[in-house]
Structures are given as structure tokens and as C-alpha cells.
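To convert a position in the sequence shown, counted from 1, into the numbering used here, add 232.
C-beta atoms are modelled at their ideal positions from N, C-alpha and C, and glycine is treated no differently.
The structure presented is a predicted model; accordingly, all values stated were derived computationally and were not measured.
Notes for the one structure printed next.
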Amino acid sequence: MGYTLVQKIIKDHLVDGEMAPGNEIGLKIDQTLTQDATGTMAYLEFEAMGIDRVKTERSVAYIDHNTLQSGFENADDHKYIQTVAAKHGIYFSKPGNGICHQVHLERFGKPGKTLVGSDSHTPTGGGLGMLAMGAGGLDVAVAMGGGAYYINMPRIVNIELTGKLSPWVSAKDIILEVLRRLTVKGGVGKVIEYTGDGVASLSIPERATIANMGAELGATSSIFPSDEVTRAFLKAQGREEDFMPLVPDADAVYDEHDTIDLSALRPLAACPHSPDNVHPVSELSHVKVDQVCIGSCTNSSLADMLKVAAILKGKTIHPDVSVSISPGSKQVFRMLADCGALSDLIAAGARVLECTCGPCIGMGFSPSSKGVSVRTFNRNFEGRSGTADAQVYLVGPETAAACALTGYLTDPSTLGQAPEITLPENFLIDDRMVLPPCTPEEAREAQVVRGPNIKPVPVGGPLSQSLCADVLLKVGDNITTDHIMPAGAKVLPYRSNIPHLSQFCFYQVDPEFSSRAKQAGKGMIVAGANYGQGSSREHAALVPLYLGIRAVLAVSFARIHNANLINAGILPLTFANPEDYDRIAENNALSIDGLEDITSGKTEFILTNLTKGIQIPLVLDCSERQRRILQAGGLLGYTKNQK
Ligand code: MIC
Ligand code: SF4
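Next comes the structure, spelled out in C-alpha cells:
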């Protein structure tokens with residue numbers, strides 16, 4: 233039996249476990265990336281491990297999220313990351329060089345390699361045929377130190393692409409179609425492999441758009457073959473030597489299979505407030521638009537920007553619409569400027585922002601009250617834009633540009649002939665904003681600069697035999713890490729300051745949560761299905777830990793958040809019978825016994841609801857290694873014990 237793409241990469245990187253579905257496997261990691269909003273914590277954790285120099289082939293620290301700098305905090309964090317990176321062998325991509333995923337794709341990604349990044353959209357690298365995965369900062373720190381990265385051996389879903397996209401339809405519409413079919417829970421425990429004759433018609437940035445938004449399916453990763461299109465992209469980036477062909481074996485066996493006929497797709501939009509709430513744009517033409525945002529790690533390539541510029545060229549943006557443009561990288565920005573397209577965008581009335589995440593993470597450009605914002609981004613969770621009652625729609629660049637002109641949600645094919653864009657054969661290569669690390673000799677003397685905003689990482693204590701605590705919060709299905717630990721311009725500057733951050737925990741869900749937790753000193757959270765979907769931010773586990781949360785009882789968990797809870801030493805327990813979710817209410821007093829047996833492999837634990845006088849079976853579904861981590865009170869303690 234032959235291997236699929238992902239099985240081939242796993243086989244080449246397997247250092248622990250067996251490749252049987254569901255088994256925990258440890259992978260050697262070739263490359264890591266961090267961004268600044270999760271990077272400070274990841275590097276504090278790396279320092280706490282006491283390792284001098286990273287052991288990966290390439291580790292890069294990007295600054296792209298926290299660039300508003302409305303106080304000293306972000307700039308201090310940037311300085312910390314720059315100096316800690318230099319000392320420990322990590323490349324540093326300066327603010328202004330671009331969004332981590334776009335720059336990594338352009339300059340560092342390599343087919344056949346593994347990449348772990350402290351950002352959930354790290355799978356963007358799958359567009360180049362890498363096995364690229366998002367993780368919490370602590371897992372990235374371990375990988376930088378040469379430790380394995382652990383995942384459950386995924387089920388492999390083959391999505392076969394046939395045909396060719398029609399004019400005005402883009403890669404974004406393909407992934408929106410996948411989201412419509414599979415939903416935001418549909419990818420959990422799976423890797424999506426794209427094959428079929430339709431693949432050859434997709435450029436690397438288009439494949440990257442699709443792999444990027446596989447994160448919204450909850451998938452472990454998404455991956456494309458590495459073919460002649462990959463070679464041409466790497467050549468245009470001046471690094472053809474990084475190319476290696478990678479295709480699945482002809483007799484590879486997949487766990488699931490689906491087909492998408494690209495020629496049948498029409499422009500789609502994900503409606504508020506979930507990336508899987510997908511409808512044809514043509515059915516939404518009554519929706520009046522206040523704002524259009526173009527960019528983010530999903531749609532900020534040169535081709536995306538050129539398409540938008542060509543649609544807006546010689547026209548004027550609708551008087552009631554405000555348009556932002558954030559190119560994905562310095563390379564994209566300069567090439568846009570050099571060919572005159574930037575001028576077309578400015579002339580049409582677009583507001584050009586720097587090449588960072590910006591509005592995607594609520595870093596400015598929040599919509600007006602109840603405002604409709606049409607974005608080429610990947611997430612439209614309630615409140616994420618910075619405006620609690622905004623209505624955010626996710627679309628491709630062509631649709632976004634059409635909305636900018638008409639002021640309504642507009643199927644771009646109604647505009648007439650689609651513009652043709654031509655991409656240059658060679659891209660503009662200028663890596664001066666990527667600073668190489670110190671040599672090992674220089675590193676001995678190099679100083680790490682820490683500002684006053686950097687506070688110690690909270691560390692959990694060893695697990696006790698029983699857990700008695702009240703339910704401090706009960707929430708429903710699909711709770712995102714943006715609900716648990718919101719981002720945005722006001723909160724993000726405190727990513728390295730957990731005590732300060734703690735006051736914002738769950739504040740859009742229940743503004744009293746943080747003070748109630750501080751008063752109680754300890755507690756549990758009860759949740760529905762897919763708890764912790766969305767970002768990789770380990771702050772969504774570290775802050776609850778700081779607030780005394782010892783266990784989360786849920787119908788099911790999202791992959792990265794589940795790992796982050798375990799790494800923080802918080803028990804992620806699922807209901808043996810999902811209906812038992814209804815038998816626990818907020819403020820109920822609960823007790824879980826038998827936790828001394830956690831490392832014995834016991835999976836079922838009995839919870840007593842002391843308030844209601846009933847018992848409920850719970851399941852701890854984790855590997856032996858994770859049990860030992862929980863026993864030690866988290867991955868930091870566990871890693872230290874192992875040294
Ligand atoms: C996001 O898109 O939510 C983020 C901000 O990039 C996060 C990381 C973070 O919270 O810092 C992610 O996707 O992992
Ligand atoms: Fe940045 Fe948005 Fe991409 Fe997250 S999803 S990395 S905030 S651009």
C-alpha cells in the first residue's frame with residue numbers, strides 16, 4: 233500500500249509512536265516560526281528550558297501582530313524578541329517585513345519539511361508541500377529546543393479538485409466551499425490533502441490561501457503536492473534549490489474522499505459570525521456595506537493585490553465605504569509600488585496600511601456600530617473586529633473589490649469582463665529586514681532586553697488526588713479562543729503580562745468572570761462542542777490557569793486548545809454522554825475523584841455534582857505522555873523534570 237503526501241512526510245520525521253490513526257506520534261521539526269503576540273511567551277518558555285541555541289534547521293521570529301504601539305508595551309516586546317532571537321540562533325523578521333505566513337511562504341518554506349508555528353494559520357506552508365502545523369508557544373519552544381512535536385496520527389481526507397476556476401472566482405471560494413461542506417468542526421483530527429487535475433491550475437499563493445483557511449476547519453493541517461508550479465514559485469523567489477517534488481503514491485489510501493469541480497464554483501461569502509456560514513454572494517446583494525478590508529495572511533499575495541488594483545483602477549470607491557489595504561509582505565508592497573498598482577489603489581480612495589495583520593486581529597480599523605465589514609480574512613467571530621455588534625463577511629479579493637465600488641455585497645461577475653493580471657517571472661528579493669542571529673561566540677555576550685511589561689509565566693502545580701470546585705462559567709458550542717482570551721488593540725499589548733491580561737478573560741461573554749474567578753480562587757468551566765476553536769494562543773489556557781481554573785468539562789475540544797490546556801496543567805475532560813452537559817449548571821459545586829490514577833491509563837472519571845446530588849461519567853482522552861504532563865502540572869514542569 234502506497235503513502236499519501238502527509239504520510240510520506242510523517243514517515244520521514246517520525247521519532248516516536250506508530251503511524252496508526254489516532255495514535256500519538258512525535259515528529260522531528262525542521263522549522264519553527266513565531267509571531268509577536270504569541271512569541272514573547274514562547275521565548276520566555278524557551279529561556280525557562282535553559283537551552284542555549286535552537287536545534288532546528290531554521291527558526292524565525294516575526295513581528296506582525298502588535299504593531300500599533302500606542303504605548304511602550306509592544307515596542308518593549310519587539311526589543312525582547314529581537315534580542316532573545318539573536319542570542320539563541322533565531323532569525324528576526326522586523327516589523328514592516330510582513331505577515332509571518334506570507335513571508336515564510338516567500339522566503340523560507342520548503343516542500344517535504346515540517347514546520348511548527350505559534351499561530352494557528354501556520355498550515356499556510358502546506359501550499360508549498362510542507363507539513364505545517366499551528367501550536368501553542370510552549371510546544372514551539374520545545375520544538376526549537378530539538379524536542380519532538382506531538383500530534384495524533386491524523387485521518388487523511390483527500391479533496392480532489394477537478395476543472396478550472398471561472399473568471400471572478402478565486403481560491404478563497406474553494407476553501408469557503410470546503411468550509412460549507414465540512415463546517416468548523418469537520419477537520420478536527422484530520423489533514424486535508426488536495427489532489428486532482430485542478431491543482432495544476434492553482435498558483436502557490438492560491439494553494440496557500442486554501443491551506444491557510446484549513447485552520448477554520450479545525451484541521452491539523454492541509455497540504456498540496458509539490459509540482460512544477462511549486463518549482464516555478466521557488467525559482468521566482470530565487471531559491472529553486474529548495475524545490476523537491478512530492479506527490480502521493482498512485483495506490484495511496486485515504487480515509488475520506490470528496491471532489492470539488494472548480495468550474496462549478498461561484499463567488500461565496502462566509503456570513504456572520506462563523507467561517508462555515510457560507511452562502512453565494514449573489515444571494516446577499518441586499519446587504520449594504522460600510523467597510524472593506526483587503527489583506528491578512530489569507531489573501532495578501534501580490535496576485536491578490538494586483539487583482540484588486542485592476543478592479544479599482546480609474547474608479548472611485550463608493551462614498552459610504554471605507555477600504556483598507558494591507559499587503560502581506562514588504563516584497564508584495566514594493567512590487568505593488570514599483571508597477572504602479574499602489575497608485576491605482578490610492579487614487580481610487582483606499583486607505584493603505586502597513587504590511588501586518590492589522591484589522592484582522594482588531595488592531596485598528598474596527599467597523600462602526602452594527603457596521604457591515606467585508607473582509608478577505610479568515611475569521612469573522614463575533615467581536616473579533618473590535619466592534620461587538622459588527623457584521624463581518626469573509627470573501628475573496630474580487631468580491632471585496634466589487635463591494636468597495638458598489639457599496640453592497642456584490643457578485644463580482646456582475647462587473648463585466650474580469651481583469652487579467654500578469655505576474656513577473658522573478659520576484660523582488662530583499663531580505664535586509666530579516667536579521668540573522670549572533671554567532672555562538674557572540675551569543676555568549678549578547679544581552680536580552682526585558683521591558684517592565686514582561687511578567688513571569690504562570691506555572692501549574694502537580695495534580696492533586698481530587699478536585700473540588702464550583703462551575704464558574706457555562707458556555708455553549710464553538711466557543712473560540714477569541715471568546716476566552718480576546719485580542720484587539722486594547723488587550724494585545726499585554727500578551728507578556730498574564731496578571732494584567734487576566735481581567736479581560738471571557739469579558740465579552742461574561743464581564744464578571746475574571747473577578748468571580750479571582751474571588752473563588754479555583755474553579756471549573758463547562759462547555760459544549762469544539763471548545764477553544766480558532767487561534768493557537770496559549771493565553772486562552774495560561775490566563776484561566778492564572779485565574780484558578782483546574783478543569784474544563786466539554787462535549788469536545790479543538791485540537792490546539794486541547795494541547796494548550798494539557799501543557800498548562802488544566803484537565804480537559806469530555807462528557808462520556810454528551811447529554812450530561814445539561815445536568816450541570818453555573819455555580820454548581822463539583823467534585824472529581826480518583827485523579828491519583830491519572831498516569832495508570834484510566835480514562836473514565838466520575839464527577840459528582842454536589843449541588844444536584846448526581847454522578848456523571850467523564851472521559852480523559854489523552855496519551856500517556858500527556859498524562860505525565862498533567863501529573864507534573866504542565867509541560868514546563870514536565871520538561872524540567874526530564875532534564
Ligand atoms: C489569530 O488569527 O487569531 C491570531 C492572532 O493570529 C492567533 C494567534 C494569537 O492569538 O496571537 C492565531 O491564529 O493563532
Ligand atoms: Fe494575522 Fe489575521 Fe493571519 Fe492571525 S489570521 S496571523 S491575525 S493575518
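Query	Result
Sheet register partners of Ile846 (DSSP bridge)	Asn841
Proximity below 8 Å, CB of Ile283 to CB of Ile383	no
Ser532 CB to nearest heavy atom of the ligand MIC below 7 Å	no
Lining residues of the ligand MIC - beta-carbon closer than 5 Å to any non-hydrogen atom, in sequence order	Ala269, Thr270, Asp351, Ser352, Ile593, Ser767, Ser768, Arg769
contact_flag[the stretch 602-612, the stretch 685-694] where n(CB pairs < 8 Å) is 3 or more	no
Minimum C-alpha distance to Asp877 - residue among Thr548, Gly378, Asp702	Since the first residue of the chain shown is 233 and the last is 875, residue 877 is not available in this structure.
At least 3 beta-carbon pairs within less than 8 Å: the stretch 747-762 vs the stretch 784-803	yes
From Glu811, Leu449, Ser458, Thr840, residue whose alpha carbon lies closest to that of Gly826	Thr840
Best match in Gly594, Asn444, Ile388, Gly379 for proximity to Leu411 [C-alpha to C-alpha]	Asn444
Cα-Cα separation between Val741 and Gln735, rounded to whole angstroms	13 Å
Counted within 10 angstroms of its Cβ, other Cβ atoms place Asp552 as buried (16 or more) or exposed	exposed
Cβ-based neighbour list, Asp522, same chain, cut-off 8 Å, excluding 5 preceding and 5 following	Asp552, Val553, Ser554, Pro599, Ser600, Gly603, Val604, Ser605
7 Å Cβ shell around Lys396 - same chain, five flanking residues per side excluded	Gly430, Ser433, Leu494, Ser495
Coarse secondary structure for Leu259, derived from DSSP in three states	strand
Uninterrupted beta strand (DSSP E) stretches inside the stretch 270-299 (no shorter than 3 residues)	290-294
Backbone secondary structure at Ala496 - three-state DSSP	helix
Under 8 Å between C-beta atoms of Ile824 and Phe807	no
Sequence-distant residues of the same chain with beta carbon closer than 7 Å to Gly801, five excluded per side	Gly692, Leu777, Leu862, Gly865, Gly866
Inter-residue Cα distance where the pair is Ile391 and Ile241	18 Å
For Asn384, the first and last residue of its enclosing beta strand (DSSP E)	381-384
Nearest neighbour of Gly527, chosen from Ala772, Gly378, Val540, Leu516 [CA to CA]	Val540
Status (buried if at least 16 other CB within 10 Å, exposed otherwise) for His245	buried
Which of helix, strand or coil DSSP assigns to Thr530	coil
With 16 other Cβ atoms within 10 Å as the buried cut-off, status of Gln649	exposed
For Arg607, the three-state DSSP class (helix, strand or coil)	strand
Spatial distance of Leu497 from Pro629 (CA atoms)	15 Å
Reference Asp262; option with closest CA among Gly378, Gly328, Leu733, Gln301	Gly378
Asn390 - DSSP class collapsed to helix/strand/coil	strand
Tyr323 - DSSP class collapsed to helix/strand/coil	strand
Selected residue, minimal CA-CA separation from Gly361, among Lys562, Val238, Ala752	Val238
Proximity of Ser617 and Gly594 at Cβ, strictly below 8 Å	yes
Contact test: Ile313 Cβ vs the ligand SF4 heavy atom, cutoff 7 Å	no
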